[in-house]
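Asker: Chains as they are written, first to last, in my numbering: chain A, 651 to 742; chain B, 3 to 330.
1) Taking Cβ positions only, does residue 303 of chain B come closer than 8 Å to chain A?
2) Could you tell me the alpha carbon to alpha carbon distance between residue 112 of chain B and residue 71 of chain B, rounded to whole angstroms?
3) Keeping to the same chain, check which residues put their C-beta closer than 6 Å to that of residue 243 of chain B; ignore five residues upstream and five downstream.
4) Going along chain A, which residues have a C-beta under 7 Å from residue 25 of chain B?
5) By a C-beta neighbour count over all protein chains shown, 10 Å radius and 16 as the cutoff for buried, is residue 715 of chain A buried or exposed?
6) As a quick exercise: from B:300, B:143, B:310 and B:196, pick the residue whose alpha carbon is nearest that of residue 279 of chain B.
7) According to DSSP, simplified to helix, strand and coil, what is residue 199 of chain B?
8) Who are the neighbours of residue 109 of chain B on chain A, taking C-beta pairs under 8 Å?
9) Does residue 68 of chain B have its Cβ less than 8 Å from a Cβ in chain A?
10) I'd like the span of the alpha helix (DSSP H) that includes residue 691 of chain A, first residue to last.
11) Considering residue 277 of chain B, what are the terminal residues of the beta strand (DSSP E) in which it resides?
12) In whole angstroms, give me the CA-to-CA distance for residue 202 of chain B and residue 47 of chain B.
13) Identify whether residue 50 of chain B lies in helix, strand or coil by the three-state DSSP scheme.
14) Under a three-way DSSP split, which group does residue 332 of chain B fall into?
15) Taking 8 Å as the CB-CB limit, is residue 165 of chain B close to chain A?
16) Note down, in chain order, every chain B residue with its Cβ under 8 Å from the Cβ of residue 688 of chain A.
17) Kindly say whether residue 666 of chain A, judged by its beta-carbon, lies nearer than 8 Å to any beta-carbon of chain B.
18) For a contact meaning CB atoms closer than 7 Å, what does residue 240 of chain B contact in chain A?
19) Helix, strand or coil, according to DSSP, for residue 716 of chain A in the structure here?
20) Can you tell me the Cα-Cα spacing of residue 268 of chain B and residue 235 of chain B, whole angstroms?
21) Would you check if the segment 55-65 of chain B and the segment 79-87 of chain B touch, i.e. whether three or more CB-CB distances between them fall below 8 Å?
22) Relative to the C-alpha of residue 713 of chain A, which residue among A:694, A:674, A:689 and A:659 is closest?
23) When DSSP labels each residue in this structure, what does residue 114 of chain B get in the three-state scheme?
24) Using beta carbons (cut-off 8 Å, strictly below), is residue 725 of chain A in contact with chain B?
25) Which runs of the beta strand (DSSP E) at least 3 residues long sit entirely within the segment 68-93 of chain B? Give them in chain order.
26) How close, in whole Å, do the beta carbons of residue 122 of chain B and residue 158 of chain B come, if the pair is a contact with beta carbons under 8 Å?
27) Pull out every residue of the segment 132-146 of chain B whose Cβ sits closer than 7 Å to any Cβ of chain A, in chain order.
28) Count the other C-beta atoms from every protein chain shown that fall within 10 angstroms of the C-beta of residue 118 of chain B, then say buried if there are 16 or more, exposed otherwise.
29) Could you have a look at residue 677 of chain A and say whether DSSP puts it in helix, strand or coil?
30) In this structure, does DSSP put residue 318 of chain B in helix, strand or coil?
31) Suppose you measure from the CA of residue 310 of chain B to the CA of residue 39 of chain B; what does that come to, to the nearest Å?
32) Residue 341 of chain B to residue 91 of chain B, Cα distance in whole Å?
33) Between residue 69 of chain B and residue 106 of chain B, how many whole angstroms is the CB-CB distance? I'm expecting something under 8 Å.
34) At a CB-CB cut-off below 8 Å, which residues of chain A make contact with residue 37 of chain B?
35) Can you tell me which of the three DSSP states residue 323 of chain B falls into?
36) Would residue 680 of chain A count as contacting chain B if we go by Cβ distances under 8 Å?
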């Protein structure tokens, strides 16, 4: 799996929402294009390499807050929650 | 004894941790994740029938600064073994440093890893523990051709903007950290490796280098690998050649080794595995052709039950192995 850790010298901080959230399931299906079980297997292998999965936030509102306040954070939120303070990288 | 308490701590903590998932370890903070794994196997061949509690290991890792992370892994191997043919028993409850390193991330192109680490060569070497593999055994290639570990410095990163070509340049010119269980005890090791990902499913690469053992044997090696991973099929191959100058006995020898392995996932829990291995050592004019047929069952991914039959061109080495392994 190809990985980027930096964008324009800024360290990327990916952020997830809870496993049961429908938007996460959509993200995994449409963007990562991998089912949950295989993604889980991938992170188990990464655990042995000393790499932990992205930080999880309990709600979409907290993801939005995190993105606004921490440089380099990338996450996904519903389109209707986008405001001018956020930079949209991709729509799905 | 300290490690026993650590295992107990990990196990008991996991029972009470709300978000613990088997195989993901326990996250105490961003600075400290802990995990553990065990593996056991039973081998039956013409020469021996043996049970081993092979690996008992704990690991801790974390990010102490945005650019700085670490990993420490302690392992006892073989923790316990019993040979039913001779009746002998052995145990080794000393935990040694399997890995101990710090990572400094400077940019996408330049990262630094210092300490005892897995040599970044090929695929097999990077997933060395039973629970992550699809067979119980390792191909001869994986421990006869180059040092599996390095106590030194690795500079690595992506060599292109699209992050599809990864490089490693690594070096050691010092003693190893805990060299009792190393496959090759080199105190000098210089090499590089390249890995090109054509897509998430297909990649290939290679490496080359030189190492000098404590006995002053100089060895040059070159290695190639390729992988095709489109569910439910996985096929991977690796091969290497090394030539060896024994300055004490003033002779030159070489080895050629490699394998090709195919996996068919019947479903997410069950898989069938076939592997062919070739190994030739000119120092004793020995050639092995080995066929492996295996079956893997994972009730959940971090719990692995495997069985395999090995057919060796030297029939005395034919064997049957079953194993059980868990990553916590």
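Note that CB positions come from ideal geometry on N, CA and C, so glycine has one too. Just so it is clear, the structure is predicted and the values come from calculations on it, not from any experiment.
Answerer: Working from what's here:
1) The count along the second chain starts at 1 and reaches residue 303 of chain B at position 301. Judged by the 8 Å Cβ criterion, residue 303 of chain B is in contact with chain A.
2) Sequence index remark: in the second chain, residue 112 of chain B carries index 110 (1-based). Sequence index remark: in the second chain, residue 71 of chain B carries index 69 (1-based). Counting only the Cα atoms, residue 71 of chain B lies some 15 Å from residue 112 of chain B.
3) One-based indexing of the second chain puts residue 243 of chain B at position 241. Taking C-beta separations shorter than 6 Å and ignoring five residues to either side along the sequence, the partners of residue 243 of chain B in its chain run 224 and 258, following chain order.
4) For the purposes of this step, residue 25 of chain B is identified with residue 23 of the second chain, where counting begins at 1. Going along chain A in sequence order, the residues near residue 25 of chain B (Cβ under 7 Å) are 694 and 697.
5) Position 65 of the first chain holds residue 715 of chain A. Exposed.
6) For the purposes of this step, residue 279 of chain B is taken as residue 277 along the second chain, with counting starting at 1. Nearest to residue 279 of chain B by alpha-carbon distance, out of B:300, B:143, B:310 and B:196, is B:143.
7) Start at 1 with the first residue of the second chain, and residue 199 of chain B comes out as number 197. Annotated three-state conformation of residue 199 of chain B is strand, per DSSP.
8) If you number the second chain from 1, residue 109 of chain B lands on position 107. Chain A residues near residue 109 of chain B: 656 and 659.
9) Here residue 68 of chain B refers to the residue found at position 66 when the second chain is read from its first residue. Closer than 8 Å: yes.
10) In the first chain, the residue the question calls residue 691 of chain A occupies position 41. Looking at the DSSP string, the run of the alpha helix (DSSP H) that includes residue 691 of chain A is 686-698.
11) The residue labelled residue 277 of chain B in the question sits at position 275 within the second chain. Counting along the chain, residue 277 of chain B sits inside the beta strand (DSSP E) bounded by residues 272-283.
12) Taking the second chain and counting its residues from 1, the one referred to as residue 202 of chain B is at position 200. Taking the second chain and counting its residues from 1, the one referred to as residue 47 of chain B is at position 45. Residue 202 of chain B and residue 47 of chain B: Cα-Cα distance of roughly 39 Å.
13) Numbered from its first residue, the second chain carries residue 50 of chain B at position 48. Correct three-state label for residue 50 of chain B: coil.
14) This structure cannot settle anything about residue 332 of chain B, because the visible part of chain B is limited to 3 through 330.
15) As a first step, residue 165 of chain B is located in the second chain; it is residue number 163 there, counting from the start. Cβ-Cβ to chain A under 8 Å: yes for residue 165 of chain B.
16) For the purposes of this step, residue 688 of chain A is taken as residue 38 along the first chain, with counting starting at 1. Near residue 688 of chain A (Cβ distances below 8 Å), the residues of chain B are 233 and 270.
17) On the first chain, position 16 is the one that residue 666 of chain A refers to. Output row for residue 666 of chain A: interface = no.
18) What you label residue 240 of chain B is simply residue 238 of the second chain in a count that begins at 1. The contacting residues do not exist; residue 240 of chain B stays about 18 Å from chain A at best.
19) Here residue 716 of chain A corresponds to residue number 66 of the first chain, with the count starting at 1. DSSP places residue 716 of chain A in helix when its eight states are reduced to three.
20) Translated into the one-based positions of the second chain, residue 268 of chain B becomes position 266. Translated into the one-based positions of the second chain, residue 235 of chain B becomes position 233. Inter-residue distance for residue 268 of chain B and residue 235 of chain B is about 9 Å (C-alpha atoms, whole angstroms).
21) Segment contact: the segment 79-87 of chain B against the segment 55-65 of chain B, three or more CB-CB distances shorter than 8 Å; contact assigned.
22) Within the first chain, numbered from 1, the residue matching residue 713 of chain A stands at position 63. Comparing Cα-Cα distances from residue 713 of chain A to each of A:694, A:674, A:689 and A:659, the minimum goes to A:674.
23) By 1-based counting over the second chain, the position of residue 114 of chain B is 112. Strand.
24) On the first chain, residue 725 of chain A is found 75 positions in, with the first residue counted as 1. Among the residues facing chain B, residue 725 of chain A is not included, as its CB has no counterpart in that chain under 8 Å away.
25) Within the segment 68-93 of chain B, the beta strand (DSSP E) runs of at least 3 residues that lie entirely inside it are, in chain order, 70-78, 82-85 and 91-93.
26) Numbered from 1 along the second chain, position 120 holds the residue referred to as residue 122 of chain B. Numbered from 1 along the second chain, position 156 holds the residue referred to as residue 158 of chain B. Residue 122 of chain B to residue 158 of chain B, Cβ: 7 Å. Contact.
27) Residues of the segment 132-146 of chain B with a C-beta atom less than 7 Å from some C-beta of chain A are 134, listed in chain order.
28) Against the second chain, residue 118 of chain B aligns to sequence position 116. It counts as buried.
29) Position 27 of the first chain, counting from 1, holds the residue named residue 677 of chain A. In the three-state DSSP reduction, residue 677 of chain A falls in the helix class (H, G or I).
30) To locate residue 318 of chain B, count along the second chain from 1; it is residue 316. Shown here, residue 318 of chain B sits in a helix according to DSSP, grouped into three states.
31) For the purposes of this step, residue 310 of chain B is taken as the residue at position 308 of the second chain. For the purposes of this step, residue 39 of chain B is taken as the residue at position 37 of the second chain. Residue 310 of chain B and residue 39 of chain B have their C-alpha atoms some 21 Å from each other.
32) Outside the modelled stretch of chain B, which goes from 3 to 330, sits residue 341 of chain B, for which no answer is possible.
33) Taking the first residue of the second chain as 1, we reach residue 69 of chain B at position 67. Taking the first residue of the second chain as 1, we reach residue 106 of chain B at position 104. Right, the Cβ-Cβ distance comes to about 6 Å (below 8 Å), so this counts as a contact.
34) In the second chain, counting from the first residue as 1, residue 37 of chain B sits at position 35. Neighbours of residue 37 of chain B on chain A, chain order: 697 and 698.
35) Residue mapping note: residue 323 of chain B aligns to position 321 of the second chain, counting from 1. When DSSP states are grouped into helix, strand and coil, residue 323 of chain B belongs to the strand group.
36) What you label residue 680 of chain A is simply residue 30 of the first chain in a count that begins at 1. It does not; no Cβ of chain B falls within 8 Å.
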